[in-house]
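Structure first, commentary second.
2 protein chains.
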Amino acid sequence: MATSEPTATGGDQDPNSANLRPSSTNYDAWMQGCTRKLGLKICGFLQKNNSLGEEGRLAGSLSERQKNLYSCDNSDRDARFRRTETDFSNMFARDLLPAKNGEEATMQFLLELVGILTNYVRKTFDRSTKVLDFHHPHQLLEGMEGFNLELSDQPESLEQILVDCRDTLKYGVRTGHPRFFNQLSTGLDIIGLAGEWLTSTANTNMFTYEIAPVFVLMEQLTLKKMREMIGWPSGEGDGIFSPGGAISNMYSVMIARYKYFPEVKTKGMSAAPRLVLFTSEHSHYSIKKAGAALGFGSENVVLLSTDERGRVIPADLEAKILDVKQKGYHPLFVNATAGSTVYGAFDPINEIADICEKYNMWLHVDGAWGGGLLMSRKHRHKFSGVERANSVTWNPHKMMGVPLQCSAILVREKGILAGCNSMCAGYLFQPDKQYDVSYDTGDKAIQCGRHVDIFKFWLMWKAKPQHTNVCFWYIPPSLRGLEHNSEEYREKLHKVAPKIKAMMMESGTTMVGYQPQGQKVNFFRMVVSNPAALQSDIDFLIDEIERLGHDL
Amino acid sequence: MATSEPTATGGDQDPNSANLRPSSTNYDAWMQGCTRKLGLKICGFLQKNNSLGEEGRLAGSLSERQKNLYSCDNSDRDARFRRTETDFSNMFARDLLPAKNGEEATMQFLLELVGILTNYVRKTFDRSTKVLDFHHPHQLLEGMEGFNLELSDQPESLEQILVDCRDTLKYGVRTGHPRFFNQLSTGLDIIGLAGEWLTSTANTNMFTYEIAPVFVLMEQLTLKKMREMIGWPSGEGDGIFSPGGAISNMYSVMIARYKYFPEVKTKGMSAAPRLVLFTSEHSHYSIKKAGAALGFGSENVVLLSTDERGRVIPADLEAKILDVKQKGYHPLFVNATAGSTVYGAFDPINEIADICEKYNMWLHVDGAWGGGLLMSRKHRHKFSGVERANSVTWNPHKMMGVPLQCSAILVREKGILAGCNSMCAGYLFQPDKQYDVSYDTGDKAIQCGRHVDIFKFWLMWKAKPQHTNVCFWYIPPSLRGLEHNSEEYREKLHKVAPKIKAMMMESGTTMVGYQPQGQKVNFFRMVVSNPAALQSDIDFLIDEIERLGHDL
């Protein structure tokens, strides 16, 4: 049935092996007590009454440190609540804090929501639930069982708000489901989720130390650790978290240009010769997007040929550099991909670095997908030579399972991000502040306000990397034995994956991506990055593909 | 004492008036029951036992619709839990889902976290707490009372993770505190917070309808409503949510260039004449950053003179356009600011639009800060002429109090975003999908993965806008009566605001920003955008400034 013809780079581990479940070293302290199944429906527990007596009894059994958790730090208020039988149908947003006496309504509302969310979390990991309940856009727009997406002019009650929340989850896609393989970002990490809930509660902004002291320091320490893992001496260098891998890659192109032609910042592209960027034909399209956006032009992004496993051929790079030079253009920048989007291929960084040194070019490594392997003793060799790069993109929100968004651009040369991007806005980056303003990171960014993406990652640092891409065609019985190279065969095979995917989405049982690549017609890309996926889930996917595609 | 010399544009309402508290129309259903103060410490309630009997009794009192809230939709599992006396000191991340039998540990952990978060929310609105507990970077890096920011190689227990969460909040800044006036984004909206918690639980990506069907449609409907408010016929046009106002403004420059010189996308800036952008000397620095990043060069961003209230002088714009044309350059783009960052000034859009039409230029309106006024019958006139703009930036995360990040770039011409940015990546935007792929929005963006920023805003749509900037100097007694125009006076006055701000941060009682602007030495910028702020909080700020600055 399924064949693995296209390639399986990155997958030199059997995807069905223990590789999928990292060893439990340091995680031995499994609580026996957690397995007890007792009492109360989780989806309704937020409406329960509690008595103070029970709290008192409980507190006696807690450790000293744990008691600190519950203490109301730096507040002497002895606020006391009882879970009330809250009817939200006559309550509105205005009844919540900061409304006078809005405290109890706020607590009851948030806890009600948490009941909906934890119920969703529980079901996300439950293989008996569907991955999605697919509907076409027009169906959702028409309104499903009272779920009205239209914006109203009148405020809805808090009850309706809560119903909207439940319905939003109901008609969405469970990206953390053990059988969701559709994207490079999969899984629902509970620690990461906790980090995001806290981040949104803190609701602050990374641009100054002033209003994000803890997060700014966490970012600084984490970037340093990441640079150490890249292998730059003492973890020195520069970096910032950006809204995603495409923006991180865009940063790399900007700073490469600034390094060699700093006057472009003030005078524009006309101050430089015609600049050329090089990247794999298999690389992420964001390099080309950056070329278009930043004024290079997409035609000045030269695509490099790859071998049968999707890796850049260094000789092709050198030949194309020489060709560009011969035309009188300036070869500026090479992107080496560490974990390509479709095949999961790793370009040979050392050989590319040799060429970059020879021609005095900027070397960027796009490890958006593969970056997590830098933390793995076993797989780090795939990044061999990365310490020679000038910049690296690394998205913890992909292989490392950190919730979206979490992407870092790391740079070997200190200060170059600020040099490239600073505009010294007086209302934010006042030089006469009382603290060390080198901690104000905002002027390094192309953004002004910047979301806090660091905390969840900082909290999840312990997570172990794991991943593989396996690409394959499913050949339905009707096509087996036919001449593979005929145009008719290729046309028919090209239609198989989209048909299976459509049926798969209708049935909602699992999700996997497909695409063509170069001369290869549509094939499936199996991403094994979801920590919830077991061998049986991969078997399930294969069985589903066979079931859905058998009669095509 | 405090004088309001610089300006007070945007503040034609008395900031101490009822303007700060929007009228309660449609919000009459205040629950009397919410005011009851009963029972249990909120910071410890997550450790309580519940009994099924209580749940049964409760359910009887709920409405039919509300019962639906608690029903476990599309799951037949009758999972039952009892809140256990959980000791997290021997539990680790690996004990949480997707670990086998990890469900109860996961629920207990998340609920414990929610206890910490709701406690923080409660204190955020409590005027008896500090806005911040300030520490210098070196102090936090050395470790405060056991709060260690360093990343460990060994996994921490869940108890320690929870302690880390509590400490992270403890040493942060309460941006929702009624006395936080430091940034344009202030306040902690409970509905928005609920939206963010749900968004991070859903943890999906906006690039395709496939994995974000509900959110993609919400974005589409919301963008349409926003375009209707701008006044474009039938709300037609284009748009996308971006990671912030700076990126939204960058989009506007990119699409303006694409509109007039589409070949720049493929051939680079050398395919166009020298292009010039125009923006107010008071405008946000992101226009200049975009000019530098996109290859125009910051010198080709011409700054326009303003009147005494910080508004662009149209005659100056026209004179500078003529000057640029005379030099043989091409005037491409004008940014009109609707709510400037420091003064809150509104440029005269209609007069600027006349000039843009005359010279065939792109008109962008940066309403990042002021955009919320488009929803106000009373204040909308400040945006008079906005319907003539080609593009508009509008950040609901500023005046409208939506949690960070939430910024929209809105465009009058349909399809131009995709034209400008699309690269047609085969692995994401397969044309042979089973649904209408015009709903796949990813290729319009300069990003690939894109965080879900829409849901919280959709949920908060009812929120009423409100804002004002009031800029003022505090003149300490030692400077009163001196010659205002002397250099000595100016030097001394320039140091007053930083000194007061430093003392304010040390005491942690309130926060307000300061900056110089043009020839004006450092002054305070009072932002009245925080819905929790009462007249008494503004009085408090003024009193604090007087107290801290009296002896300077």
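Those sequence lines, one after another, are chains D and X.
Going by the numbering used here, the first residue of the first sequence is number 251, and it counts up by one from there.
Going by the numbering used here, the first residue of the second sequence is number 251, and it counts up by one from there.
Glycine included, every Cβ here is placed at the ideal spot set by N, Cα and C.
Where residue 479/D is concerned, the enclosing alpha helix (DSSP H) starts and stops at 463 to 480.
Within the DSSP secondary-structure output, residue 720/X pairs in a beta bridge with 776/X. Proximity to residue 710/X across 595/D, 344/D and 747/D peaks at 344/D, based on C-alpha coordinates.
Counted as a single uninterrupted DSSP element, the alpha helix (DSSP H) harbouring residue 387/D occupies residues 387 to 392. Among the residues of chain D, those whose CB is under 9 Å from the CB of residue 493/X are 492, 493, 494, 497, 655, 697, 699, 700 and 701, following chain order. By the criterion of a C-beta distance shorter than 7 Å, residue 405/X is surrounded in its chain by 342 and 343, once the five residues flanking it on both sides are discounted. For a cut-off of 8 Å, the C-beta gap from residue 673/X to residue 515/D is around 25 Å, too long to register as a contact. The alpha-carbon separation between residue 354/D and residue 771/D amounts to approximately 59 Å. Apart from the 5 residues on each side of it in sequence, residue 706/D sits with its Cβ closer than 6 Å to the Cβ of 442, 445, 446, 652 and 653 in its chain, given in chain order.
For residue 574/D, not one C-beta of chain X is nearer than 8 Å to its own C-beta. For residue 763/X, the three-state secondary structure derived from DSSP is strand. If only uninterrupted beta strand (DSSP E) runs of at least 3 residues are considered, those enclosed by the segment 567 to 634 of chain D are 580 to 587 and 612 to 617. The C-beta of residue 737/D has fewer than 16 other C-beta atoms within 10 Å across all chains shown, which makes the residue exposed. Taking the CA atoms as reference points, residue 588/X sits about 7 Å from residue 621/X.
Annotation for residue 423/X: no alpha helix (DSSP H) segment contains it, and DSSP assigns it neither H nor E.
Among the residues of the segment 753 to 777 of chain X, those with a Cβ less than 9 Å away from any Cβ of chain D are 753, 755, 756, 761, 763, 764, 765, 766, 767, 772 and 775, in the order of the chain.
The segment 558 to 574 of chain D makes contact with the segment 592 to 606 of chain D, as at least three CB pairs between them are under 8 Å. For chain X, the residues of the segment 674 to 691 of chain D that bring a beta carbon within less than 7 Å of one of its beta carbons are 675, 676, 677, 680, 682, 683, 684, 685, 686 and 689, in chain order. Taking a contact as a CB-CB distance under 8 Å, the pair residue 472/D and residue 750/D does not count as one, their CB atoms being some 41 Å apart.
Three or more beta-carbon pairs separated by less than 8 Å are not found between the segment 516 to 525 of chain X and the segment 490 to 497 of chain D, which leaves the two stretches without contact. In this chain, the beta strand (DSSP E) harbouring residue 641/D covers 641 to 644. A Cβ-Cβ separation of about 16 Å leaves residue 363/D out of contact with residue 453/X under the 8 Å criterion. A direct Cα-to-Cα measurement between residue 586/D and residue 597/D gives close to 6 Å.
Using beta-carbon distances, residue 414/X counts as an interface residue toward chain D, with a partner under 8 Å.
Here the segment 751 to 760 of chain D makes contact with the segment 375 to 382 of chain D; the two share three or more CB pairs at distances below 8 Å.
In this structure, residue 476/X places its C-beta atom within 8 Å of the C-beta atom of residue 658/X. Per DSSP, reduced to three states, the secondary structure at residue 784/D is coil, with no helix or strand assignment. In the displayed model, residue 770/X falls within a strand according to three-state DSSP. Cβ-Cβ distances below 6 Å link residue 638/D to 603 in the same chain, with the five nearest sequence neighbours on each side left out; the list follows chain order. Along the segment 441 to 452 of chain X, the positions whose C-beta sits under 7 Å from a C-beta of chain D are 441, 443, 444, 446, 447, 448, 450, 451 and 452, read in chain order. When the beta-carbon positions are compared, residue 465/D and residue 692/D stay at least 8 Å from each other. With respect to the 8 Å criterion, residue 779/X and residue 436/X are classified as neighbours on the basis of their beta carbons. A Cβ-Cβ separation of about 6 Å places residue 582/X in contact with residue 526/X under the 8 Å criterion. DSSP, read as helix, strand or coil, puts residue 658/X in strand.
For residue 548/X, the residues of chain D that pass the 9 Å Cβ criterion are 515, 516, 517, 518 and 673, in the order they occur in the chain. Among the residues of the segment 415 to 439 of chain X, those with a Cβ less than 7 Å away from any Cβ of chain D are 415, 416, 418, 419, 420, 421, 422, 423, 425, 426, 428, 432, 433, 435 and 438, in the order of the chain.
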